[in-house]
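Contents: one structure, followed by commentary.
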Amino acid sequence: MANTAVIGLQWGDEAKGKIVDILTENHDIVVRYQGGANAGHTVVTGGQTFKLSLIPSGIFRAGVRCVIANGVVINPQTLLAEIDALKDRGVRVDADLTVSSRAHVIFPWHMEEDRILNECPTGEAIGTTLRGIGPCYRDKIGRSHAVRVGDFYEAGWRERIVAVAEAKRRMLEPLGVPADSPALDAQAICEEYSGYAERLRPFVADTTQFLLDAVEAGKRVLFEGAQGALLDIDHGTFPYVTSSNSSGVGISAGSGVPGRHIHKVVGVVKAYCTRVGGGPFPTEQDNDVGRHLRDRGNEYGTVTRRPRRCGWFDAVAARYTARLSGADALAVMLLDVLSALPEIQICTAYELDGERTERFPDHVERLRRVRPIYESLPGWQREIRAVRRLADLPVNARKYLDRLAEVVGRPVEIVSVGPDREQTVFVG
Ligand code: IMP
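And the structure:
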């Protein structure tokens, strides 16, 4: 295995952090290339639980270089707090972390914009994580109000921030943000951010060329996707999506590494399905099954602690995102959460306007109208958290995995039966 990508194939929270942590052993570099502190990765290692938002989960392996690439939007305060928290607990960070000079910076006004947009939705709210992600990406695309990490090390950055803050004041005041809001105080923000920039200076580099050098020299690179493919800004359930390309298609734009250098894609799915925030979710179970999944799977947002919506595995969606992300194989996570259920359902097709379809709709309103067509499989009702070999799984659990692989059209390579690194079954 040379260069590998780990991509969530659902609506995020597929436990990708654990897979990245396991695969890091065979890689030299781990790259985050999209999203920001809206992501929350939990890694359990050596009996300790770590929660990361921006720093790649690879940071726990000494000598592995972790890169936050150009496609990530960075809140420097959050990043520095993560660095400090890791150091406090004895994790080596200084030599192992590199941050792109091209990455865009989140400012307090972005959080205000996120809050305002969330408060006055048209129809169902997107339910963002309120981390300023969407507004920062909007400024990146709009260019005029954007600030990149590298800007802090060039002359004139203070003047630029003062001008951007003034433009933001003109936009936000009519929306109810007072002119004297700390989120618009240019001088205070310049002081605060110049402190962040100095602390981050040793980490900042041209990661695009660093990564190109690395892949050309045969270094093994692991690309760590954040969120999931159904939240992809272009190919997901728009507008109930995040603001970056969170499917496999985002790797090249977000890192600068062309697709020809990506040799293997691991698509990560839960054994069931969850979604946090707004938007249609065809297999949602707003009932005892959903509550069971939420309780047993501890389905509460890592970042926001919001209860996640829970439902059955949606193979129509996963088949689509496995193709979209170029997944070669699947990692099926949280299989143990299904253990107590007498019967398990898989959605293998949709009924849309009276017709059966196996294709994922390209419009959110059509997705709202689908009715899932389920296949029912018997459960196994046996604890499986101690299982380490495929042959030791109950026969019904193996049948369930076989059927998932068949309906998604990709082989299952890894099965997770608990949060710890050891609670993993490697297939084949
Ligand atoms: P934003 O990324 O904060 O703009 O939020 C947009 C949508 O993506 C909302 O529905 C969020 O709940 C969802 N979202 C963002 N990041 C994550 C994640 O890491 N896991 C799951 N959902 C996410």
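Read in order, the letters of the sequence shown correspond to residues 195 to 622 in the working numbering.
Where a beta carbon is used, it is the ideal one built from N, C-alpha and C, also for glycine.
Please read all numbers here as calculations on a predicted model, not as lab measurements.
Query                                                                                                                                                                    : Result
With distance defined between alpha-carbon atoms, name the residue in Val358, Leu378, Ile578 nearest to Glu367.                                                          : Leu378
Report the residue from Ile335, Gly495, Arg364, His339 whose alpha carbon sits nearest the alpha carbon of Arg355.                                                       : Looking at the sequence provided, one finds Ile at residue 355 rather than Arg. It is His339.
Considering only C-alpha positions, which residue in the set Asn220, Ala196, Ala361, Gly229 is nearest to Gly206?                                                        : Gly229
Buried or exposed: where does Phe620 fall if 16 or more other Cβ atoms within 10 Å of its Cβ makes it buried?                                                            : exposed
So what does DSSP say about Thr185, is it helix, strand or coil?                                                                                                         : Outside the shown range of the chain (195 to 622) lies residue 185, about which nothing can therefore be said.
Applying the criterion that 16 or more other CB atoms from any shown protein chain within 10 Å of the CB defines a buried residue, is Ala509 buried or exposed?          : buried
Between the C-alpha atoms of Asn590 and Pro329, what's the straight-line distance to the nearest angstrom?                                                               : 46 Å
Have a look at Ala263 and Ile327 and give me their C-alpha separation to the nearest angstrom.                                                                           : 15 Å
Give me the Cα-Cα distance between Leu416 and Glu616, rounded to the nearest whole angstrom.                                                                             : 20 Å
For His650, count neighbouring C-beta atoms within 10 Å of its own C-beta (all shown protein chains included) and say buried if the count is 16 or more, exposed if not. : No information on residue 650 is available, as it lies outside the stretch 195 to 622 that the chain covers here.
Let's test the definition: count the other Cβ atoms within 10 Å of the Cβ of Lys245 and tell me whether it reaches 16, buried, or not, exposed.                          : exposed
Just the C-alpha distance for Pro476 and Thr272, rounded to the nearest angstrom, thanks.                                                                                : 34 Å
Consult DSSP for His457 and reduce its assignment to one of helix, strand or coil.                                                                                       : coil
Of all the options Ala512, Gly350, Met365, Ile456, which has the alpha carbon lying nearest to the alpha carbon of Ser388?                                               : Gly350
Where DSSP assigns a beta bridge to Lys464, which residues make up the other side?                                                                                       : Met527
Along the chain, where does the alpha helix (DSSP H) that runs through Ser446 open and close?                                                                            : 444-449
Helix, strand or coil for Arg597? Go by DSSP, reduced to three states.                                                                                                   : helix
Cα-Cα, which of Leu535, Leu529, Glu559, Thr551 is closest to Arg618?                                                                                                     : In the sequence under discussion, the amino acid at residue 618 is Thr, which differs from the Arg named in the question. Taking only the C-alpha atoms, the option nearest Thr618 is Leu529.
May I ask whether a heavy atom of the ligand IMP can be found less than 7 Å away from the beta carbon of Thr515?                                                         : no
Quick check: the stretch 478-495 against the stretch 571-586, are at least 3 beta-carbon pairs closer than 8 Å?                                                          : no
Tell me where the alpha helix (DSSP H) around Glu493 begins and ends.                                                                                                    : First-last for Glu493: undefined, no H or E at that position.
State the start and end residues of the unbroken beta strand (DSSP E) segment that holds Gly336.                                                                         : Unbroken run through Gly336 is the alpha helix (DSSP H), 327-336; no beta strand (DSSP E).
Between Ile201, Thr239, Val224, Val200, which lies nearest to Asp614 when the distance is taken from Cα to Cα?                                                           : Thr239
When every heavy atom of the ligand IMP is checked, does at least one fall within less than 7 Å of the C-beta of Asn264?                                                 : no
Cα separation between Thr498 and Val531?                                                                                                                                 : 22 Å
Suppose the cutoff is 6 Å on Cβ atoms and the five residues either side in sequence are ignored; what does the same chain contact list for Pro588 look like?             : Trp574, Arg576
Kindly identify the DSSP beta-bridge partner or partners of Ala543.                                                                                                      : Ile567
Could you say if the stretch 241-259 and the stretch 302-317 meet the contact criterion of at least three C-beta pairs nearer than 8 Å?                                  : no
What are the complete beta strand (DSSP E) segments, minimum 3 residues, inside the stretch 378-425?                                                                     : 415-422
Do you know how far the Cα of Ala580 is from the Cα of Glu219?                                                                                                           : 22 Å
Could you check the C-alpha separation between Leu369 and Ser610 for me, to the nearest Å?                                                                               : 47 Å
Ends of the alpha helix (DSSP H) at Ile262?                                                                                                                              : Element bounds for Ile262: not the alpha helix (DSSP H) but the beta strand (DSSP E), 259-262.
Along the chain, where does the alpha helix (DSSP H) containing Arg309 start, and where does it finish?                                                                  : 302-313
Could you say which of Pro555, Val460, Tyr347, Arg325 lies nearest to Gly520 if we only look at CA atoms?                                                                : Val460
Would you say the beta carbon of Leu425 is closer than 7 Å to some non-hydrogen atom of the ligand IMP?                                                                  : yes
Determine the extent of the beta strand (DSSP E) in which Arg503 is found, giving its start and end residues.                                                            : 503-505
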